[in-house]
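Visitor: Provided herewith is a single structure, encoded as structure tokens, for subsequent inquiry.
2 protein chains.
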Amino acid sequence: MTSSRSRLRETDHVRRTRFDDWPCPIARTTDLIGDWWTPLVMRQAFLGARRFEDFASELDAPRATLTQRLDRLVDEGMLRRQPYQERPVRHEYRLTPKGRAFWDVLAAMWRFGDDWLWHDDDQSPAPGSPVELSDRATGDRIDPLVVDANTGEPLDVRALRVRLTRD
Amino acid sequence: MTSSRSRLRETDHVRRTRFDDWPCPIARTTDLIGDWWTPLVMRQAFLGARRFEDFASELDAPRATLTQRLDRLVDEGMLRRQPYQERPVRHEYRLTPKGRAFWDVLAAMWRFGDDWLWHDDDQSPAPGSPVELSDRATGDRIDPLVVDANTGEPLDVRALRVRLTRD
DNA sequence: GTCGCTCAGTTCATTTGTTGAACTGAGTCG
DNA sequence: CGACTCAGTTCAACAAATGAACTGAGCGAC
């Protein structure tokens, strides 16, 4: 069966609730990456994985699940399927601009995980993961941080408001 | 049955693969928020939801699922369960510092969703969600952006490297 | 004092999603 | 020919999500 077929929308069964039509950017992103394994598939793509076997061996994910995730990411325009040989036809999964833009989300997850998910009693932040991000050219360490693009300041959760702009 | 009981670890059944022990901040964060509904539960918490009925009615999530998600978020230290009345004892779910730190991840998801998930043909970014973030006090619009804390510059995906710092 | 109401869940049968292991099929190498 | 690679597919067993109904403590009105 061909991958990249259009996603099933109409159904008379009860399926897992979808968020991809909700009028909220967080909900739609959740729908996209809420599938188990999907953020890790994207992580591998950023780390250089291109072929099915790359993803399969590096993640040790069930092959059927992996097929399904890669198909969806292609459907969504995060990855693109590019032939790298004929006879037999084989493809690579490459990041698209949209897929590349997703790195910011993974970077924020990286920062959160690094700050908060390395201790059993976590009353305070304490970085501790055994990996770090750096610049390929300079070697300088990179610490992802989410700021307001308008001010350059870190976000202040308590000063937050959500505004409906239309509809 | 009490919530906040320690999570089941040992099992002889085949369960969904867990990532919470992986030596990667993205994997651990994925494990935490990869459960369907969880990012939206956190979103509601940031928008002011506190009681079970708030989450249930605002999200229209299955109540059993919601119970399970809230229990886990409490277990993980993202939310804390605080009594707000006796007779009968009732609790509110409040954000902890760790939970509050998670806003950065949601903000990055917000930005990505706003930029990329509002058009059917998405070759280029085009903001379009019907909601926007603003500062409660000044009213100024807020545009989340992920930067490198050391330079203040947006992340350059292509210049990325991951370094093992130990073990 | 019992009827209706609220809140915070629990229970349960059904359906959907994930897993692991084995299998397929085109093609290459020796 | 036989072993091997790559990229999947198939399938049965099991885990997780769903929706609807139910529970149970307590309140407030009549």
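The listed protein sequences derive, respectively, from chains A and B. Going by the numbering used here, the first residue of the first sequence is number 1, and it counts up by one from there. Going by the numbering used here, the first residue of the second sequence is number 1, and it counts up by one from there. The beta-carbon is built from N, C-alpha and C at its ideal position, and this holds for glycine as well. Computed from a predicted structure; not experimentally measured.
#1: At least one CB of chain B closer than 7 Å to the CB of residue 3 of chain A: is that the case?
#2: Between the segment 131 to 143 of chain B and the segment 27 to 39 of chain A, do at least 3 Cβ pairs fall closer than 8 Å?
#3: Tell me the DSSP secondary structure of residue 97 of chain B in three-state form.
#4: Please list, in chain order, the chain A residues whose beta carbon lies closer than 8 Å to that of residue 112 of chain B.
#5: What's the C-alpha gap between residue 41 of chain B and residue 23 of chain B?
#6: Mind checking who residue 157 of chain A pairs with in its DSSP beta bridge?
#7: Which complete alpha helix (DSSP H) runs does the segment 51 to 136 of chain A hold, if anything under 4 residues is left out?
#8: Starting from residue 147 of chain A, follow the alpha helix (DSSP H) in both directions and report where the run begins and ends.
#9: How long is the line joining the alpha carbons of residue 6 of chain B and residue 132 of chain A, rounded to whole angstroms?
#10: Less than 7 Å between the C-beta atoms of residue 25 of chain B and residue 110 of chain A, yes or no?
#11: With distance defined between alpha-carbon atoms, name the residue in B/101, B/49, B/164 and B/150 nearest to residue 77 of chain B.
#12: Should the segment 87 to 106 of chain B be regarded as contacting the segment 154 to 161 of chain A, the criterion being three or more beta carbon pairs within less than 8 Å?
#13: Run through the DSSP bridge pairs and tell me what residue 15 of chain B is partnered with.
Guide: So, from the data block:
#1: Low per-residue confidence applies at residue 3 of chain A: pLDDT is 36, beneath 50, and the placement is therefore not dependable enough to give any value.
#2: no
#3: helix
#4: 25, 29, 101, 102, 104 and 105
#5: 26 Å
#6: According to DSSP, which records beta bridges pairwise, residue 157 of chain A is partnered with nothing at all.
#7: 52 to 59, 63 to 75, 97 to 101 and 103 to 116
#8: Residue 147 of chain A -> not in any alpha helix (DSSP H); beta strand (DSSP E) instead, spanning 144 to 148.
#9: Any reading at residue 6 of chain B is ruled out, since the residue's pLDDT is 34, under 50, leaving its predicted position unreliable.
#10: yes
#11: B/101
#12: yes
#13: Note: residue 15 of chain B sits in no beta bridge, so no partner.
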